[in-house]
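For the sequence shown, my numbering gives the first residue as 81, with consecutive numbering after it. Backbone N, C-alpha and C define an ideal beta-carbon position, used for all residues, glycine too. Everything below concerns the one structure shown next.
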Amino acid sequence: MDTIIQILARELGRSEAHVENVVRLIDEGNTIPFIARYRKELHGAMDDTALRTLADRLQYLRNLDKRREEVKSAIEGQGKLTEELSAAIDAAATLAEVEDLYRPYKQKRRTRATVAREKGLEPLAELLFAQAADGPAPEEAAGAFIDPEKGVETAEDALQGASDIIAERISDDADIRKRLRELVWKKGSLVSAAAAKEPEDTVYRLYYAFRSPLNRVQGHQVLAINRGEREGVLKVSVEMEREAALIPVRRAVLNPGAPAMAFVRAAAEDAYDRLIFPSVEREMRSLLTEQADEGAIKMFGLNLKPLLMQPPVKGFVTMGLDPGYRNGCKVAVVDATGKVLDTAVVYPTFSQRKKEEAIDTLAKLIRRHGVAHIAIGNGTASRETEQMTVELIRRLGGGVSYMIVNEAGASVYSASKLAAEEFPDYDVNLRSAVSIARRLQDPLAELVKIDPKAIGVGQYQHDVDQTKLKASLDMTVASCVNSVGIDVNTASRELLAYVSGIGDTLASNIVAYRAEHGDFPSREAIRKVPRMGPKAFEQAAGFLRVPTGKNILDNTAVHPERYPLVARMAADAGMPLDDFIHSPAAIKGVDIAAYTDADTGVETLADIISELEKPGRDPRDDAPEVIFSQAARSIEDLEVGMELKGTVRNVVDFGAFVDIGVHQDGLVHISKLADRFVKHPSEVVSVGDTVTVWVTGVDRARKKISLTMVKGKMDR
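Okay, here's the thing in structure tokens:
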């Protein structure tokens with residue numbers, strides 16, 4: 081039997097040596113971001129996605145091994161573990177196969193077969209199931225088992241009990257279940273229908289008469305159907321042609337020509353109808369849901385990453401506007417570091433006079449504080465607020481630009497304990513305005529304060545497995561935080577908590593230590609934080625930045641363990657460290673081969689050189705430039721055929737939603753993302769992408785906009 085290392089190497093297409101190194105590093109307590117960035121020579125430069133896949137699969141295979149041993153121990157405790165059964169359990173490739181093999185030996189609740197055994201009918205069942213060519217007819221054999229004292233009044237009673245025992249035995253056969261599971265997956269269908277005789281026109285109308293092969297149904301369809309079933313709108317089932325499904329069952333248990341064959345055949349059909357198919361149907365529904373969950377969770381992570389990695393708009397005073405009707409438009413002005421300078425509430429939707437007052441108030445704030453950019457939340461009253469902002473900019477004579485910011489989750493944050501601690505003197509609504517302004521300045525730093533589920537870049541996020549969703553999204557956030565690097569002297573506790581090796585407790589300790597002792601003068605000083613042990617420091621140090629530190633390397637992704645190596649490079653170049661780092665020619669002239677050794681490979685050296693060429697570089701700066709606006713459009717302005725620039729706001733299984741500046745996102749269906757077959761929208765677009773689209777349809781009454789990314793590909 082292959083070892084876990086061999087299985088992982090084969091599945092991932094990696095060398096056993098690299099896989100073994102990764103497993104050892106994980107077992108030693110190293111985090112995935114640390115392994116991905118600073119131990120490349122040990123794993124062949126796998127990225128963090130591949131490493132997480134390896135780690136997840138490693139955990140599954142270890143759980144599988146553990147369950148194998150538990151099952152073998154339980155069966156051995158009954159004195160029924162044979163060499164053949166033990167080998168079959170060891171060879172089982174999934175937890176489901178292990179459970180199938182354990183099924184006959186698992187303590188069951190009281191069943192019809194249990195009752196029949198209590199009546200002494202197991203010998204009859206064994207006799208008939210053997211189907212000997214010279215065996216007795218069932219009616220003849222049953223006569224010997226009539227026993228009124230045990231509740232077996234007639235031969236028919238005895239045969240019924242024997243049939244129940246045989247049916248359970250067939251149902252417990254692991255090979256039969258495996259074959260049926262595979263057959264139903266290939267040939268079965270997922271079917272849904274309206275639960276009511278005269279259904280209302282609901283969002284589930286597409287599923288009132290729905291049928292799809294199990295192995296072709298889409299994840300978003302499964303999640304929608306599951307929700308419709310939970311709400312009592314849909315009836316759902318798995319359908320399989322009965323005769324086709326019975327063929328492998330009959331082949332497995334029947335002995336043609338035997339006197340008891342017809343009896344066993346009837347018992348097999350009962351096993352299929354009453355025990356096996358209902359169980360397989362539940363398994364298929366669970367499998368579909370599990371796959372749909374995995375797909376939705378993966379899509380959420382794919383969407384979340386570019387949203388978090390949007391380029392920050394650094395170094396500008398910013399005004400945040402949280403639009404509203406009854407409670408007015410909340411205003412917050414923050415400086416270049418995100419510190420609140422001023423707040424206000426204006427009411428531009430109340431009347432023309434109130435709109436004029438709002439423009440006057442905002443103009444004064446802009447002049448007073450030197451506001452360069454305005455961030456407008458895209459929620460209720462966003463359209464009216466945008467129109468007011470355009471008029472405001474016109475009257476100011478330009479010099480200010482604005483951008484619509486996705487405010488999903490801002491209200492969640494503003495009402496949170498964290499926001500109350502950060503802004504104890506501000507109203508909940510004003511906190512939202514601050515959050516909106518900061519989202520423009522540094523999306524990552526602000527969005528980490530919000531539960532990722534509330535950010536709104538997924539599909540059916542409240543229907544999927546919440547534990548798996550949280551774990552996946554936390555990993556996505558951690559990946560972004562660690563790839564960017566964090567200023568240890570300005571980062572919030574929430575941001576620090578995502579840094580490799582830190583977590584909530586140590587993040588709180590860092591913030592408390594910083595508040596008591598002032599800014600950290602160097603990376604080395606971070607060691608003084610309570611509970612910052614050698615392992616935690618090793619895992620975290622490379623991702624923490626000290627821009628004001630005396631050692632220029634403290635503001636780079638070069639790990640402190642490599643500082644002596646860089647110092648040697650500078651010495652070999654005959655230059656002080658600072659001069660060396662500021663000399664592109666000297667850095668380019670480094671002969672990497674001269675510094676490789678058993679602990680330092682080409683991959684690590686290439687990373688170090690790249691970092692020295694652009695010390696302190698923010699990877700988000702490589703993203704497309706943020707697009708600001710100075711004019712507004714409305715859905716009334718749209719015409720079929722119009723060409724527009726837009727920003728991808730969400731990617732789902734069936735297409736992408738694009739913000740084209742009219743408050744209502746338009747949908748580019750998957751069939752109109754490219755002039756070729758697209759298996760999934762994520763192949764073509766990501767959240768945050770700037771795309772060119774053409775309007776193919778406008779339903780103003782229902783506020784629906786249809787778009788295409790292929791010129792000339794209009795609705796038919």
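Residues that residue i bridges to, as DSSP identifies them
i, result
"Ala736", "Val731 and Val748"
"Ile439", "In the DSSP output, where bridge partners are listed per residue, Ile439 has none listed."
"Cys30", "Outside the shown range of the chain, which is 81 to 796, sits residue 30, and nothing can be said about it."
"Phe290", "Ser272"
"Ile484", "Ile456"
"Met399", "Val413 and Ile454"
"Ala424", "Val411"
"Leu549", "Partner(s): none; Leu549 has no beta bridge."
"Ile566", "Leu624"
"Asp227", "Val232"
"Gly726", "Val771"
Nearest candidate by alpha-carbon position, reference residue i, set the options
i, options, result
"Thr676", "Leu92, Leu685 and Val670", "Leu685"
"Met320", "Leu368, Arg330 and Pro358", "Pro358"
"Tyr427", "Lys410, Leu421, Val414 and Asp415", "Lys410"
"Gly299", "Glu374, Thr585, Leu753 and Ile155", "Glu374"
"Lys725", "Val670, Val732 and Gly746", "Gly746"
"Ile715", "Ile473, Gly583, Val329 and Leu787", "Leu787"
"Ile566", "Val544, Asp671 and Asp634", "Asp634"
"Thr417", "Phe623, Arg519, Ala650 and Ser512", "Arg519"
"Gly741", "Asp244, Phe734, Leu753 and Val728", "Val728"
"His449", "Asp415, Thr680, Val470 and Leu576", "Asp415"
"Ser481", "Leu498, Ala461, Ala452 and Ala495", "Ala452"
"Asp718", "Ile661, Gly241 and Arg780", "Inspection of the sequence shows that residue 718 is occupied by Leu rather than by Asp. The candidate whose alpha carbon is nearest that of Leu718 is Arg780."
"Thr628", "Gln521, Thr162, Pro656 and Ala605", "Ala605"
"Leu401", "Ile439, Met389 and Pro656", "Ile439"
"Asn569", "Arg594, Thr547 and Ala551", "Arg594"
"Gly381", "Val537, Val297 and Ser292", "Val537"
"Lys419", "Ser515, Ala653 and Leu208", "Ser515"
"Arg354", "Glu229, Leu387 and Thr191", "Thr191"
"Val390", "Asp698, Lys752 and Val775", "Checking the displayed sequence, the identity of residue 390 turns out to be Gln instead of Val. Residue Asp698 is the option with its Cα nearest to Gln390."
"Gln619", "Pro644, Ala592, Ala577 and Phe660", "Ala577"
"Asp658", "Ala674, Asn486 and Asn631", "Asn631"
"Thr776", "Glu164, Leu524, Arg365 and Val720", "Val720"
"His639", "Ile87, Phe114, Ser95 and Asn101", "Phe114"
"Leu387", "Leu524, Ala424 and Ser269", "Leu524"
"Ala275", "Val425, Val316, Val764 and Ile661", "Val316"
"Asp244", "Glu233, Arg648, Glu220 and Phe209", "Phe209"
Segment limits, alpha helix (DSSP H) that includes residue i
i, result
"Arg197", "Arg192 to Glu198"
"Asp319", "Reading off the sequence, residue 319 comes out as Glu, not Asp. First-last for Glu319: Leu314 to Glu319, but that is the beta strand (DSSP E), not the alpha helix (DSSP H)."
"Gly375", "Phe357 to Leu388"
"Ala167", "Glu163 to Ala171"
"Leu326", "Arg322 to Val333"
"Gly538", "Neither: Gly538 is in no alpha helix (DSSP H) and is coded neither H nor E."
"Gly479", "Premise fails: Gly479 is in no alpha helix (DSSP H) and is neither H nor E."
For residue j and residue i, believed in contact at Cβ under 8 Å, the rounded distance
i, j, result
"Leu92", "Ala130", "7 Å"
"Leu201", "Pro218", "Not quite, the Cβ-Cβ distance comes to about 12 Å (not below 8 Å), so this is no contact."
"Asp170", "Arg148", "6 Å"
"Ala273", "Tyr288", "6 Å"
"Glu693", "Pro664", "7 Å"
"Gln306", "Lys266", "Here residue 306 turns out to be Asn, not Gln, going by the sequence shown. In fact, because the Cβ distance is near 22 Å, the residues do not count as touching under 8 Å."
"Val564", "Arg700", "6 Å"
"Val318", "Glu361", "4 Å"
"Ile590", "Val646", "Contact doesn't hold; Cβ gap of about 25 Å is too wide."
Where the beta strand (DSSP E) containing residue i begins and where it ends
i, result
"Thr111", "First-last for Thr111: undefined, no H or E at that position."
"Ile785", "Lys784 to Thr788"
"Asp658", "Asp658 -> not in any beta strand (DSSP E); alpha helix (DSSP H) instead, spanning Leu657 to Ile661."
"Gly797", "What the structure shows of the chain is the stretch from 81 to 796, and residue 797 is not part of that stretch, so it cannot be assessed."
Residue i beta carbon near the ligand NAP (any heavy atom closer than 8 Å)
i, result
"Met364", "Only the bare structure without any ligand can be found here, which leaves the ligand NAP out of the picture."
Please determine if the stretch 334–342 and the stretch 495–508 are in contact, where contact requires at least 3 C-beta pairs separated by less than 8 Å.
-> Touching, no.
Is the stretch 327–339 in contact with the stretch 310–317, if contact means three or more CB pairs nearer than 8 Å?
-> They do not touch, by the three-pair rule.
Stretch pair the stretch 363–382 + the stretch 456–468: three plus CB contacts closer than 8 Å | Segments in contact, no.
Contact the stretch 570–586 vs the stretch 610–623: 3+ CB pairs below 8 Å = The count of Cβ pairs closer than 8 Å, one atom from the stretch 570–586 and one from the stretch 610–623, reaches three, so the stretches are in contact.
Do the stretch 518–534 and the stretch 553–570 make contact, defined as three or more Cβ pairs closer than 8 Å?
-> In this structure the stretch 518–534 lies against the stretch 553–570, because at least three pairs of beta carbons, one per stretch, are closer than 8 Å.
Can at least three beta-carbon pairs, one atom from the stretch 145–161 and one from the stretch 591–602, be found at a separation below 8 Å?
-> With contact defined as three or more Cβ pairs closer than 8 Å, the stretch 145–161 and the stretch 591–602 are not in contact.
Do the stretch 467–475 and the stretch 438–448 touch if we need at least three Cβ pairs shorter than 8 Å?
-> Counting C-beta pairs closer than 8 Å gives three or more between the stretch 467–475 and the stretch 438–448, which meets the contact rule.
Indicate whether the contact test is met: 3 or more Cβ pairs, each with one atom in the stretch 507–518 and one in the stretch 485–494, closer than 8 Å.
-> Segments in contact, yes.
Do the stretch 218–238 and the stretch 253–260 make contact, defined as three or more Cβ pairs closer than 8 Å?
-> Flag = no, the stretch 218–238 and the stretch 253–260 do not touch.
Does the pairing of the stretch 97–115 with the stretch 126–143 give three or more beta-carbon distances under 8 Å?
-> A contact exists between the stretch 97–115 and the stretch 126–143.
Three or more C-beta pairs closer than 8 Å, one from the stretch 240–247 and one from the stretch 193–200: is that the case here?
-> Touching, per the Cβ criterion.
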